[in-house]
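Asker: As numbered in my numbering, the sequence shown has no gaps in its residue numbers, which increase by one up to the final residue, 123.
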Amino acid sequence: QVQLVESGGGLVQAGGSLGLSCVVSGGTFRSYTMGWFRQAPGKEREFVGRITFSGAITYYPDSVKGRFTISRDNAKNTLYLQMSSLKPEDTAVYYCAAAPIMGLFSYWGQGTQVTVSS
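Okay, here's the thing in structure tokens:
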């Protein structure tokens, strides 16, 4: 059974930085495309970015491009999300997800809250 556990959420002031981690167990992390998503209260889940299994390629939507960076350590089965220049609109529960099959995120973590104060 594949399990994903996020950590690192918290409260940060606008303009600040915060890093999230996601530890994956029970699967073959190094073969998964990994992604980050977020969901704010009353809003639909939003894609934040993804990284290929090797870590060579990342993709971000315009809403976070240049501010967020995804990385991974396959030796530690860990995915990272480094967020900078945070805005109040970045406030959400952040989820990591694993895609054993390209394009299909089928494993999800429980989420970690990020709150950005103005």
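Beta carbons: idealized from backbone N, C-alpha and C, even for Gly. The model shown is predicted, which means the values in this text are computed figures rather than measured ones.
Does E51 come out as helix, strand or coil in the three-state DSSP assignment?
Answerer: Strand, per DSSP.
Asker: Quick one: residues in its chain with C-beta nearer than 6 Å to the C-beta of L84, no 5 flanking neighbours on either side, listed in chain order?
Answerer: C27, M39, R77 and C101.
Asker: Could you tell me which of G108, P105, V98 and S122 sits nearest to G116, measuring between CA atoms?
Answerer: The candidate whose alpha carbon is nearest that of G116 is V98.
Asker: CB-CB under 6 Å to Q8, same chain, minus the five flanking residues each way: which ones, in chain order?
Answerer: Only S30 and G31 meet the Cβ criterion.
Asker: What did DSSP end up calling D95 once you bin it into helix, strand or coil?
Answerer: Helix, per DSSP.
Asker: I'd like to check one pair, T63 with R50: are the Cβ atoms closer than 9 Å?
Answerer: Cβ atoms of R50 and T63: not closer than 9 Å.
Asker: Let me know the secondary structure DSSP gives S36 once reduced to three states.
Answerer: Reduced to three states, the DSSP call for S36 is helix.
Asker: Determine the burial state of I106: buried for a count of at least 16 other Cβ atoms within 10 Å of its Cβ, exposed for fewer.
Answerer: It is exposed - the Cβ of I106 has fewer than 16 other Cβ atoms within 10 Å.
Asker: Candidates V121, T96 and L23: which alpha carbon is nearest T124's?
Answerer: The structure shown does not extend to residue 124, since the chain is modelled only from 6 through 123, so no value can be given for it.
Asker: Return the CA-CA distance between S36 and T57, expressed in angstroms with no decimal places.
Answerer: Using only the alpha carbons, I get a separation of about 9 Å.
Asker: Can you say whether D95 is buried or exposed, counting buried as having 16 or more other CB atoms within 10 angstroms of its CB?
Answerer: Classification for D95: buried.
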